Every structure is written in structure tokens, then in C-alpha cells.
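Under the working numbering, the first residue of the sequence shown is numbered 94, with each subsequent residue one higher.
For every residue, glycine included, the Cβ atom is placed at its ideal position computed from N, Cα and C.
Computed from a prediction, not measured in an experiment: that's the story for all the values here.
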Amino acid sequence: MQVVILCGGQGTRLRERTEFMPKPLVEVGGRPILWHVMKIYAHHGFTDFVLALGYLGHKIKEYFLRYEAWRTEDFRFHFDAARGEGEVEPLREGTERWHILFADTGQQTPTGGRIKLLEPYLQGDTFLATYADGVADLDLRALLDFHRAHGRLATLTAVRPISPFGLLDLAEDGCITRFLEKPRMEQWINGGFFVFERGVLDYLRPNSVLEREPFERLATEGQIYAYQHTGFWACMDTYKDTEMLNRLWETGQAPWKIWDE
């Protein structure tokens, strides 16, 4: 089953790192966040990747071609320039073989438009999709089972993130009765990690923002369900997020590292 990873955004809220580098290559623990996302999928046996490139996408391709991602893990990358794809070949036992297709989906194309442009490359009735900047200790097989059980066109992973702010409980007269230091939010949000049937492509146009009209239409028609993930989830949206993820990795407390060395 193919895994679409949206790698084309400009990462404007992480401008400290993304002015000369695409956001998927911003490092956590010495490896690009994209590598971490791909390792999560590979751990569950999903190793057929389609990378939807955009802003500075050539740098992502160059990263693989220079073998930097794989040198310390005894991998070799084979690239077919004519077809725009390649394979990551393990050179030792216990590691998985990855197939990677690079697709240029434009500099300014929105998320839904990028997936629509991948239509010629997508095989089979079902595919997985995610963003290149989110990590979680998610059971992807359970997510897929949930999707198949409800039988609709789309599933997104819903998460309840930690609030970035401390909250106050106030009495009517303004007296503070309790401090809540960055509690988990009560509301669910879109955490990415999607499962789509091919029919979702009919809801997309070249200018579609996936999270707006297409999702709203799917919801109106009862064609999208939420898989509720209560474990760890984090999105590398800002410099502060990057520092947090690096701190977790460096202290050996990275919950998303579900794979073996």
C-alpha cells in the first residue's frame, strides 16, 4: 500500500530553519523529520512512498541521492532519473527495503491539489497519506483496520494536543481558584495520518485545500470518520516545537520511536 507524504509547504512559521531548506529536512536528532515519519510507516510494513514535493523539493531528492540518509545504516539508494523514483536497499539483515517516488507538485499548490496531481501515480483502491512534519506513537495497522471497518471513503487521525498555554479557573468575581499548567485540550483536532479510498480524488481539484472544502463535503456526506489516537502526537510547526522534539530524542524519551535500531 502506498504512503503519500506531503512535502511541499514553505514552513513559514519555521522561517529560522526553512529559508534555505525545505521543512521536511529540518533535523530532529541529526535526521530530517521526514526520515522519522517514514520510519514510523516502515515499522508497520508500509515502505512504498510517494513524496509530493514543492518548495525546495530538489533538495529532498538530493538528500537521498547523496546517501546521507542511509550511510550510517548500511543502505544503498538506487534512483531512476527517467521515472523519478528509486529504492532504498538494505545491505544487512533486519532492515526494510523502501521504494520512493518523487513527484513535483508545484511551488504554491495547496494540500488537496498536491494529492490530486498524484492521481496518475497512485495504485490500488486504498492509500495512506500524511504530512511531513508530524510524529506519533500511532498503531497504523489499527488505523487501517478501523478504516476498513467503517467502509467510508476517508479516515483521519484525531488527536487532543497539549495546550501551549497554562489555563486559569476563575470565580465570578475574578478570584483565581486554580492554575492548569498546559493541560491536554478537550477538543479533538486533525492530526494527519490519513487513510483514503481512491474515490477521495473525485473531491479534489488542483486548487483544493484538503482540510477545507473536500473534508467539509466528505463530512456532509458522511464519508469521513475520525480514528481517535490518545497516545503521543506532536507537530513540528515552530522553532519551539523543533527544540522540544530534539530534547525528547536526545534524552531517549521520544515516544514516536517505535522502531528497533
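Residue interval of the alpha helix (DSSP H) (run including residue i)
{"i": "A242", "result": "L233 to H243"}
{"i": "G150", "result": "G150 to L158"}
{"i": "Q134", "result": "Sequence inspection shows Tyr at residue 134; the Gln mentioned does not correspond to that position. Residues I126 to H136."}
{"i": "R310", "result": "E306 to T313"}
{"i": "I208", "result": "T204 to L210"}
Close Cβ partners of residue i (< 7 Å) along its chain, the five nearest in sequence each way excluded
{"i": "D230", "result": "G324, F325, P348, W349 and I351"}
{"i": "Q346", "result": "none"}
{"i": "S301", "result": "P203, G205, G206, K209 and P307"}
{"i": "F113", "result": "none"}
{"i": "N339", "result": "V121 and G122"}
{"i": "R310", "result": "Y296"}
{"i": "E343", "result": "G122"}
{"i": "H129", "result": "V121, V228 and W349"}
6 Å Cβ shell around residue i - same chain, five flanking residues per side excluded
{"i": "T165", "result": "In this prediction, T165 has a pLDDT of 48, which is less than 50 and means its spatial position is unreliable; what the coordinates show is noted afterwards. Correct list: empty, nothing qualifies."}
{"i": "T198", "result": "G101, A145, G147, R207 and L210"}
{"i": "E161", "result": "Its pLDDT being 49, under 50, E161 is placed unreliably by the model, and nothing is read from it."}
{"i": "G292", "result": "L246"}
{"i": "H137", "result": "L233 and R234"}
{"i": "Y320", "result": "L236, F239, T248 and T250"}
{"i": "Y134", "result": "V96"}
{"i": "L127", "result": "P117 and A225"}
{"i": "Q103", "result": "Y148"}
{"i": "H322", "result": "L231, T250 and V252"}
{"i": "Y152", "result": "The amino acid at residue 152 is misidentified as Tyr; the sequence shows Lys. Closer than 6 Å at the Cβ level, and outside the excluded window around K152, lie P115."}
{"i": "G285", "result": "T223, Y224 and G227"}
Opposing strand residues paired with residue i [DSSP bridges]
{"i": "F142", "result": "V96 and I193"}
{"i": "G227", "result": "C328"}
{"i": "D262", "result": "R271"}
{"i": "A251", "result": "N283 and Q321"}
{"i": "L221", "result": "V96 and V288"}
{"i": "E120", "result": "P125"}
Chain B contact for residue i (CB, 8 Å cutoff)
{"i": "R253", "result": "Here chain B cannot be found, since the structure has a single protein chain."}
Beta-carbon contacts of residue i that lie in its chain and below 8 Å, excluding the five residues immediately before and after
{"i": "I317", "result": "R245, L246, A247, T248, L249, F308 and L311"}
{"i": "L99", "result": "A145, T204, R207, I208, A222, T223, Y224 and A225"}
{"i": "P90", "result": "No answer is possible for residue 90: it lies beyond the span of the chain, which begins at 94 and ends at 354."}
{"i": "R159", "result": "none"}
{"i": "M337", "result": "A327"}
{"i": "L294", "result": "I208, K209, E212 and L215"}
Check: residue i C-beta below 7 Å from any heavy atom of the ligand SAM
{"i": "D197", "result": "This structure lacks the ligand SAM, and indeed carries no ligand of any kind."}
Below 8 Å, can you find three or more Cβ-Cβ pairs linking the stretch 327–337 to the stretch 238–246?
no
Cβ pair count under 8 Å reaching 3, the stretch 115–128 against the stretch 203–222:
Too few Cβ pairs lie closer than 8 Å, so no.
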